[in-house]
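What follows is a single structure, written as structure tokens, with notes after it.
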Amino acid sequence: MNSDDVWIDDCDSLREMANRIEENIAWNVGDGNQVRFWKDIWVHGQGRLIDNVLIPPPENIVDMPVNFFSTLSGGWDWSKIDPYVSRDVHSSIEASTPPVQGRNDCVRWRRMHDGNFSIRSAYECLSAGNGATRSTFWSRIWKWPVHERIRSFIWLLAHGKILTNSHRLHRNLTNNASCPRCGREEETVLHAIRDCNVIEWNSKIHAGNDLSENWQSTFGVTCWYVWKNRNLLVFENHTPNMQDLFFQILYMVVIECDSEVALELVENGTTENHPCSGLVHQIRSLVDRNWDINLVHAFREANQTADLMAKMSHTLSEGLHVFCYPHKDLGYILTADLYGPLVPRVCVC
Ligand SMILES: [Zn+2]
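Numbering follows full-length UniProt numbering, in which position 334 of the sequence shown is assigned residue number 334; successive positions increment by one, without gaps.
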């Protein structure tokens with residue numbers, strides 16, 4: 001899928017790691033045959049001399065080993081060095097022992113006082129470049145309180161590695177970078193997960209409000225579901241109901257009903273010739289959508305408000321009625337509910 005990216009990133013990372021390791025390797029000059037005078041690190045207190053020259057040395061000497069710059073009598077050949085270096089660098093070279101025949105050059109690990117390599121210091125050196133913030137960020141992702149599958153997805157998301165159409169266009173896998181849901185904008189990672197108008201609620205619910213008690217889990221689960229639903233559309237031509245998705249993630253719907261018979265009909269269905277089969281079928285198709293719905297039985301005395309409003313519906317005109325304030329007829333029920341008197345229930349045996 002996005003193995004190209006992973007591969008390129010891996011190569012970049014390896015290159016970066018190799019550079020960082022190289023920066024921490026210095027040479028102890030022996031006979032000076034292996035050590036490059038300008039391009040290796042061998043002068044105490046200096047990095048690579050090539051990075052600190054007054055004028056670049058000519059090509060015919062830039063790759064020469066250290067022993068090229070020494071004299072037969074065992075000193076430094078300043079005529080080959082001084083035209084290119086400052087007084088400070090000259091002094092540093094002067095303080096370094098010139099090559100000696102019969103001794104091998106050897107590598108020194110700069111991060112340890114004794115020059116010996118240690119895995120621990122190498123690890124510290126490699127970790128340092130990532131910065132504390134970045135490493136804290138990744139470790140937080142791996143501690144995210146969600147299923148491992150979602151955690152892996154968040155990790156890919158944080159790396160910008162989910163295969164959006166914008167990404168696919170970049171890899172020549174498609175010639176259309178637009179969003180498969182709205183079709184209006186380029187499908188970048190942020191568009192796919194946050195900005196598409198089809199899922200605009202996703203940015204709203206995470207914009208600092210407290211709709212969810214457990215923000216971290218909700219955020220992870222939401223992003224994962226949003227991407228999963230996008231893939232259902234792209235790969236299986238299935239158009240999920242985004243409103244269902246909203247409820248599925250954020251709410252568990254509890255439907256209380258005081259009729260056990262009605263509940264049984266909804267839960268088990270009816271035969272085709274049942275007088276309520278049409279209505280029951282409609283209710284069941286709503287319940288079967290991708291929500292988390294719990295049907296429970298409640299005694300009528302425990303839910304008098306709903307009961308009274310259901311009765312009121314007989315006298316209201318057809319259509320949707322929204323009450324911004326409790327209806328006046330509900331006053332005594334709500335007051336009673338506030339003071340919590342016991343409601344007797346007559347049981348006939
Ligand atoms: Zn879109």
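We treat Cβ as the ideally placed atom computed from N, Cα and C, and that holds for glycine.
Checklist entry - DSSP state of residue 107, grouped into three classes? => result As a first step, residue 107 is located in the sequence shown; it is residue number 107 there, counting from the start. It is a strand residue.
Checklist entry - Residues with a Cβ closer than 5 Å to any heavy atom of ligand 1, in chain order? => result 179, 181, 182 and 196
Item to check | Simplified DSSP state of residue 186, which is helix, strand or coil | outcome: Taking the sequence shown and counting its residues from 1, one reaches residue 186 at position 186. In this structure, residue 186 counts as strand in the three-state DSSP scheme.
Checklist entry - Taking just the CA atoms, how far does residue 276 sit from residue 268? => result Position 268 of the sequence shown, counted from the start, is the residue given in the question as residue 268. Position 276 of the sequence shown, counted from the start, is the residue given in the question as residue 276. Taking the straight line from one Cα to the other gives about 13 Å.
Checklist entry - Hey, residue 254 and residue 266: beta-carbon distance below 8 Å or not? => result Reading the sequence shown from its first residue, position 254 is the one you call residue 254. Reading the sequence shown from its first residue, position 266 is the one you call residue 266. Cβ distance not < 8 Å, so residue 254 and residue 266 don't count as in contact.
Checklist entry - For the candidate residues 88, 302, 261 and 325, whose alpha-carbon lies nearest to that of residue 337? => result On the sequence shown, position 337 is the one that residue 337 refers to. Of 88, 302, 261 and 325, the residue nearest in Cα terms is 302.
Item to check | residue 234 versus residue 326 - alpha carbon distance | outcome: The sequence position of residue 234 within the sequence shown is 234, counting from 1. The sequence position of residue 326 within the sequence shown is 326, counting from 1. About 45 Å.
Item to check | Every unbroken alpha helix (DSSP H) inside the segment 22-105 [4 residues or more] | outcome: 59-62, 78-81 and 87-94
Next on the checklist: Quick check on residue 257: does DSSP put it in helix, strand or coil?
Outcome noted: Position 257 of the sequence shown holds residue 257. In the structure shown, residue 257 sits in a strand (DSSP, three-state: E or B).
Item to check | Identified DSSP bridge partners for residue 281 | outcome: The residue given as residue 281 occupies position 281 in the sequence shown. DSSP output for residue 281 lists no bridge partner at all.
Item to check | Beta-carbon separation (whole angstroms), residue 45 vs residue 99, contact threshold 8 Å | outcome: Position 45 of the sequence shown, counted from the start, is the residue given in the question as residue 45. Position 99 of the sequence shown, counted from the start, is the residue given in the question as residue 99. Their Cβ separation, rounded to whole angstroms, is 19 Å, which puts residue 45 and residue 99 out of contact at 8 Å.
Checklist entry - Taking the Cβ atom as the reference point for each residue, do residue 165 and residue 182 lie within a distance shorter than 8 Å? => result Counting from 1 along the sequence shown, the entry for residue 165 is found at position 165. Counting from 1 along the sequence shown, the entry for residue 182 is found at position 182. Not in contact: residue 165 and residue 182 (Cβ atoms no closer than 8 Å).
Checklist entry - Can you pull the DSSP bridge partners for residue 162? => result As a working mapping, residue 162 is identified with position 162 in the sequence shown. Answer is none; residue 162 lacks a bridge partner.
Checklist entry - What is the DSSP secondary structure of residue 176, counted as helix, strand or coil? => result Stepping through the sequence shown from its first residue, residue 176 is reached at position 176. If DSSP states are grouped into helix, strand and coil, residue 176 belongs with coil.
Item to check | Buried versus exposed call for residue 158 [16 or more other C-beta atoms within 10 Å across all chains shown] | outcome: Stepping through the sequence shown from its first residue, residue 158 is reached at position 158. Residue 158 should be labelled exposed.
Item to check | Range of the contiguous beta strand (DSSP E) that encloses residue 378 | outcome: Given a span of 1 to 349 for the chain in the structure shown, any question on residue 378 remains unanswerable.
Checklist entry - Taking the Cβ atom as the reference point for each residue, do residue 308 and residue 330 lie within a distance shorter than 8 Å? => result For the purposes of this step, residue 308 is identified with residue 308 of the sequence shown, where counting begins at 1. For the purposes of this step, residue 330 is identified with residue 330 of the sequence shown, where counting begins at 1. A contact, by the Cβ cut-off of 8 Å.
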